[in-house]
Structures are given as C-alpha cells and as structure tokens.
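Inspection log for the structure reproduced underneath, given as structure tokens.
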Amino acid sequence: MTVPPNRPPTKSRLVLLVALLVVLAALPIVMTVFPDQTWVTNSRLFSFTQMFMLITLTSNWNLTGGFTGYVDFGHAVFFGIGAYGTGIFMNEAWPFWPSMLAGAVLAAVFALIIGYPTLRLKGPYFSIAMLGMFVAMREIVRVAKPLTGGGVGLTLPPYLNRPLFYYVTFFLAVLVVGIMWWIRRSEFGATLIAIREDEVGAEMRGINTTVNKIAAFVLAGFLTGIVGGLWAYQNTFIDPDGVFFPSRTVELVMMAMLGGLGTVAGPVVGATTIYWMRDVVWANLAEWHLFAEGMLMILIVLYAPQGIMGKLGDRSGTSLLRVWRNPLRRSALEEVPEDEVSV
Amino acid sequence: MSAVTPLLEGRGVTKRFGGLEAVKAVDFKVMPNEIVGLIGPNGSGKTTLFDCLSRVQAIDEGSVHFQGIDITRLKPHQVAHMGMSRTFQVIRVYRKLTLLENMQVSRQWRGENLWSQMRPSHKDVEERSRDLINFLRLEHLTNEPAGTLSGGQRRLLELGMALMPDPELILLDEAASGINPTLVEEIKDRIKTLNQEQGKAFLVVEHDMHFISDLCNRVYVLNYGEKLAEGTPAEVMENEAVIEAYFGS
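For the protein sequence lines, the chains are A and B, in the order given. Those letters in the first sequence? Residues 961 to 1303, per this note's numbering, in order. Those letters in the second sequence? Residues 189 to 437, per this note's numbering, in order.
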C-alpha cells in the first residue's frame, strides 16, 4: 500500500526514535561500565526484559485482534505451547535456540490446525472458542505427565544472564514491531483491515479471507511461541498454572486497547504504559491493583475506545512515531469521529 | 437463439428464508456486452437474487453459471477472480482505510499468492486507483479514511471499487442512489463507454426508471420473488402486469 495520510517520520522524529533505541541498547553496557550506579541494575534489566516481552506479545495479539478484528481470548495458548515445546526439547538435551525454534514451530502448527475451524466463527463465538482452546490445552498439559511433567511442571537448565535475555527480547520486540509496521504498509496489512471492516465485502472483492486470516493467525502464533520459549528459559521452571496464566491474554487485550487497537504503535505504547504503571504505582496498592486494572479497562472502553494512538490522531495506524506529535497542533480534519471508531 | 454462451445465467434459482420463498425458480441471463436491468417493487427479491447470482447467498435450488462454468458451489472470492464484481445496496466500504487503499484492495487478485502481498502496491495498481478516483471526482479525498465520506461519496467509492478489478460483468445494486444528478449522468456515460468500447456487461438494480431506460438493453421485472416480465425497457413499462405491480389495479 502507499503511505497513507499521516505522513510520518519526519527527520527529527526518526532521530528521536533511533536515539531511544540506542539508549535502550546501551543500558546493559552502562551497568557493566558503571557498576556503582544504582539506576541500571540486574533487577531493572529484568523489568525491561518483561516489558519487551509484553510489547512483543501485545503486537502479536494485535495482528489478529486489532488488524484482523478477531478478538482472541486464548492467544496465550501459543505462549504456553512455545514455553512447553522449549522445555520439553531442552529436557531432551537439545540446546536452547533449536528448542525455542521448535517450540515456536509447534505453536504455529497448532495455530494452523485450529485456525481453519475457529476463524470461521465470528465475534464472540471466536473469542469463546479460543478461550476454550486455552483452557483445554492447559488441562492437556496437566494430564500429559510423561511429556510435560503434569502439575509438577518442568525444570529447565538455569542460565542466569540478564543482559543476554535483555538483548534478545529487545531485538525481538524491535523486529516484531518492525514486522507489524511492514505488514500494515503492505497489501497484506490492508487486506487484513479490509477483513476487519467488512469480511463479506472483502470476500466479494476477490480476497481469499480464509487464507489471509489463517496466515495472520499462524504468524502471530509463531512469534508468540518464541516469546513463550524465552520466558520459559528465563524462568527456568514451567508448570501449567504459571504458563497458562488465565489473565495473560486479558492483559494483552487491555494493553492493545489502551495503546490503540489495530495500530502499529498502540501495542508498544499500551504495553509500556501498563507495565510501568503496574510496576511503579500499582505495586503500592497491594491487593487493589487488580481493581485498578479493571477500572482502567472500563475507562478505556467508555472514554477512549480508540486508545492513546487514536487520541493522538493516528487514524490509519501506520505511524510508529505519532506518539511524539503534539496533539495540540492537529488540524481539525484529522479528528476521527467517535462513531467511526470500531472496537 | 444464437449459440453464444451467456455471460451469467441463473437456472431455476430459488432462495428460501425459513418459510419465506424470497426468489422462486427464476431463470435469468446476461449476455456478453449487454446491460440488463432488474427492477421490481420494494421487497420483490431483487437484492436477494443479486446475492444468489454473486454467491453471497447460497441458493436452495437451481444453478448459476458464469461464462459457461457452474459457479453454484464456488466461494465469492473465486467468482470475483473469474471476472464478476458488484456493489451493494447497503454500502460496503472499508471505513478505516483511505480511499486509495480501498481502491487498491479491490484490485484484481487473480493468481496472486500471499507472499506477493507482502509488499506495497504495484505502480500500475496505484495509477489505476488514482484514475478511477479522479473520474469519480474524489481526488481531494484520496488520502482520507473512507469513514469520513458522506453517503453519496461512499456510493461513488464503492462504484470505483467495483470497476477496479477490470471485471467482465459488474452488478450494480442501486449504484446511483444518493448521487447528484450531474454525476449520475456521467456515471451513465461511463457505463455506456465501458460497455461499448470494452465490451463490459452490466446487471443493474435501480429504482430510477430513467436510469434503467437510458442504459439497459433488456429488463427483468421481479415481484414477490417471481419473474413477472422480461423485455426491452419500453415493452416492460407498457406491460399491464408490471403497471399493476407498481401502482396497483
């Protein structure tokens, strides 16, 4: 597709983005070179690693939930398959990288197998079917004791190298957001949005909606499987309740919605915002943090269904750098009427 | 009759919604290079027949053939690849995509694999999109999301999207409603040009009888899902049964 309306990266914004990436890439070096400073610590690198994983997961979820409009309440099943695939292969004495890749391939194959029947369902039926898949897979993992360790779980060989995990998750997040940016600007991305906007119309205009939906689903499953593998190795222990954590998908939905569904930058903004809000502020609210999350979700749906990126005027979802644009300088023409925003 | 294969042919097309028979064993033909009208009072089954012919709706009985090939069991995108495109009574445009993107995703997908879609549009696709947008006088809105257009502008965009894949047959479902009369005349001229110079065939549902009589070679009249009459526009408008169906006895 051609570059849509909001012509983005001006040179200054691009410089800002590159500078941000350079700073993030330099954090582990700062820790090594200046061991006495207290800001960049192992613990903080771990926080960033978690944040990068969430950015990646939310971007993956957004490919099917945001771009294609198939709100997936069971997306974490691919995370679980990636994690368990990696764990199982590593317990068979495979090295980490091939194990992680094999886990991601398993997740992609699973997406391919379940994609054909489930993506024929629309709206809440698809969402519930995926939730069912998630729950079913958790129980399968629990009962397949010889392979998965059942409820006891699996232990992976420990590898405590925070900077390595930091860099891997950082580059994975950059890569995935880059892939999403490319997809959004490609014909494939436009066909996904066409499917979201009007699937019957898209089919009538010659788009093989089944193939396009499944392709997006499989790609999202594969990339999420990679994150699952990384998470498992970093965690060194996996069990059904930890891996198939019920609210994991809900978190992704909330992050994508806060940032802006169907936009490239939305998942980055949403995941970053919620992660740090939770880490810094909600940690002080103890048991009330879930209540606060729920309230935030309600407020987003009621007052900002188009998310932060929508509020900032990223109408087509193609701009990675829109977040830096001064909202006060927007022209009135760039406003999207509230009733035009589909959630 | 000549041995020319009809471009589109419905044989005994029947569609039921529960106990309601919306289309009753209708036989229907559009020959190559022909502009055919489909008229009838509200609720007569015109759009349902359109949906059956273009495979949006599965039919209960009968068959549909396009260019001599049975398309009764094909999927809509396969029918579109064969060279049939359409507009809709209730406008279907992609509101979050720009006009240019709307046009581009409506292009000819015949023979395309998924991998080839992972790049921006071809230059010729963009040129054709811009040409059609200019023809529809929407060039000032090229990069605006379709959701910001008025109803008439969306109708025009949808017409452009139907023309985009360069189809053999174009089904227009009330394509002129909500559009200003000057532009309607231009649309008629464009349809005539496409028909006469490029041999495109059209099947047109329209309430505006002037539009139908100016354009169409033949007209079918539906009433209560049945074919009531068939003939030239002049013949149909003088048909007693048609007059009764529209105005009562």
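Note that beta-carbon positions come from the ideal geometry of N, C-alpha and C, so glycine has one too. Note that this is a predicted model, so its numbers are computed, not measured.
So with CB distances below 8 Å, who are the chain A contacts of B:Leu302? Phe1148, Val1171, Asn1172, Ala1175
How is B:Leu149 classed by DSSP in three states: helix, strand or coil? Missing from the structure shown is residue 149 of chain B; chain B here goes from 189 to 437 and no further.
Output the distance between the C-alpha atoms of B:Gln133 and A:Phe1039, rounded to the nearest integer angstrom. Because chain B here runs from 189 to 437, residue 133 of chain B falls outside it and cannot be looked at.
Alpha-carbon to alpha-carbon, A:Arg1238 and A:Val1136: 23 Å
Does DSSP put B:Asp396 in a helix, a strand or coil? coil
Using a Cβ-Cβ cut-off of 8 Å, state whether B:Pro369 counts as contacting chain A. no
Can you tell me whether B:Arg280 is buried or exposed? The criterion is at least 16 other CB atoms within 10 Å of its CB, across all chains shown. buried
Tell me, please, whether the region 292–309 of chain B touches the region 238–251 of chain B by the rule of three or more beta-carbon pairs shorter than 8 Å. no
As assigned by DSSP and simplified to three states, the class of A:Thr1001: coil
Taking a Cβ distance cut-off of 7 Å, strictly less, list which residues of the region 1147–1168 of chain A are near chain B, in chain order. Under the 7 Å Cβ criterion, the region 1147–1168 of chain A contributes Glu1147, Phe1148, Ala1150, Thr1151, Ile1153, Ala1154, Glu1157, Asp1158, Val1160, Gly1161, Glu1163, Met1164, Arg1165, Gly1166, Ile1167, Asn1168.
Partner residues on chain A for B:Val278, Cβ-Cβ distance less than 9 Å: Result: empty, since nearest Cβ-Cβ is about 10 Å, beyond 9 Å.
Let me know the secondary structure DSSP gives B:Asp248 once reduced to three states. coil
Chain B beta carbons: is any one of them nearer than 8 Å to that of A:Leu1280? Low confidence applies to A:Leu1280: its pLDDT is 44, below 50, so where it sits in the model is not reliable, and the reading given next is rough at best. So, not an interface residue.
I need the DSSP call for B:Asn411, collapsed to helix, strand or coil. In this structure, B:Asn411 counts as strand in the three-state DSSP scheme.
Find out if the Cβ-Cβ distance for the pair B:Asn405, B:Ile223 is shorter than 8 Å. yes
I want to verify the contact list: residues of chain B whose CB lies under 8 Å from the CB of A:Arg1145, in sequence order. Pro308
Measure the Cβ-Cβ separation of B:Gly233 and B:Thr193 and say whether it is below 8 Å. no
Can you list, in chain order, the residues of its chain whose CB lies under 6 Å from that of A:Glu1298, leaving out five sequence neighbours each side? Caution is warranted here: a pLDDT of 38 is assigned to A:Glu1298, below 50, making its placement in the model unreliable, and the coordinate value is therefore given only provisionally. So no residue of the chain qualifies.
Name, please, each residue of chain A whose Cβ falls closer than 8 Å to the Cβ of B:Pro353. Arg1165, Gly1166
Run the CB neighbour count on A:Trp1141, radius 10 Å, all protein chains shown included, and call it buried at 16 or more, exposed below. Flag for A:Trp1141 reads buried.
Spatial distance of A:Asn966 from B:Val313 (CA atoms): Since pLDDT at A:Asn966 reaches only 43, below the 50 mark, its modelled position is unreliable, and no value is offered.
What's the gap between the Cα of B:Arg295 and the Cα of B:His328? 21 Å
Can you tell which of A:Leu1245, A:Trp1191, A:Ala1154 has the C-alpha that lies nearest to the C-alpha of B:Arg283? A:Ala1154
Which partner residues does B:Pro333 have in the DSSP bridge list? B:Thr286
Segment limits, beta strand (DSSP E) that includes B:Thr202: 196–205
Below 9 Å on C-beta distance, what does B:Val252 contact in chain A? The contact set of B:Val252 on chain A, defined by CB atoms closer than 9 Å, is empty, because the minimum CB distance reaches about 15 Å.
Under 8 Å between C-beta atoms, does B:Asp239 make it to chain C? In the displayed structure, chain C is absent; the protein chains listed are A and B.
Residue nearest to A:Met1050 in terms of C-alpha spacing, selected from A:Gly1226, A:Val1203, A:Thr1196: A:Thr1196
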